[in-house]
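What the sequence shown shows, in numbering that gives the first Met the number 0, is residues 0 to 140, in sequence order.
Built from N, CA and C at the ideal position, the CB exists for glycine as well.
Read through the structure below, which is laid out as structure tokens, and then see the notes.
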Amino acid sequence: MERRPLDVVLAAIYYAGFSAVLLGILLWQWAGGHIHATWQEKIVVLPICFLLAILPGVLAVGLWLLDHAALIGAVLFALMHTIAELALLSNPHIPSRAFAVFRIVLNGVIIACLGRPGVRRAFKWNPVELTLRGSGKRVTD
0 MERRPLDVVL
10 AAIYYAGFSA
20 VLLGILLWQW
30 AGGHIHATWQ
40 EKIVVLPICF
50 LLAILPGVLA
60 VGLWLLDHAA
70 LIGAVLFALM
80 HTIAELALLS
90 NPHIPSRAFA
100 VFRIVLNGVI
110 IACLGRPGVR
120 RAFKWNPVEL
130 TLRGSGKRVT
140 D
């Protein structure tokens, strides 16, 4: 088994914790009756919220397994999260500007760490080879 770079381990732990916090908040709000909406609205919105909340957890598992798609997904997730935090900073009623700036900087650090050559070498792109039955032709990705 190959050794995981420390950058990847820390990013995976961060994304797993991020997902756990999001899921915990959603479950607390749902179980405590803090979501004030009709059941028709809840039946559409809550599954989407839960899927979005597990996304960082899925990325964490992929990073832990050194999956190349998870590396790309983690960088894209950090970029999107940075854009969301920048948009949040434009809100005059933001609870903590310092925390938003901290998360922007943290996302930048994650992107920089996951882009390092040593980290990129740890993630191998494995092309998939497909064969069509009976034809003897190979289709590669």
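Check, Outcome
"Between G72 and P91, what straight-line distance do the alpha-carbon atoms span, to the nearest angstrom?", "31 Å"
"D66 bridges to which residues according to DSSP?", "K123"
"State the DSSP-derived secondary structure class of G72, mapped to helix, strand or coil.", "helix"
"When we look at the beta-carbon of L5 and count the other beta-carbons within 10 Å, is it buried (16 or more) or exposed?", "exposed"
"For E141, which residues of its own chain have a beta-carbon under 6 Å away from its beta-carbon, when the five flanking residues on both sides are left out?", "Since the first residue shown for the chain is 0 and the last is 140, residue 141 is missing from the structure and cannot be characterised."
"According to DSSP, is N90 helix, strand or coil?", "coil"
"So, with DSSP's three-state summary, where would you put A36?", "coil"
"Note down, in chain order, each residue of its chain lying with its Cβ closer than 7 Å to the Cβ of A10, except the 5 sequence neighbours on either side.", "L62, A73, I109, C112 and L113"
"Taking all protein chains shown into account, decide if S18 is buried (16 or more other Cβ within 10 angstroms of its Cβ) or exposed.", "buried"
"For the alpha helix (DSSP H) containing R102, name the first residue and the last one.", "R96 to L113"
"Could you tell me if P55 is buried or exposed, where buried requires 16 or more neighbouring beta carbons within 10 angstroms of its beta carbon?", "buried"
"Near T81, what residues of its chain come up, given a Cβ to Cβ distance below 6 Å and the 5 sequence neighbours on each side ignored?", "I103 and N106"
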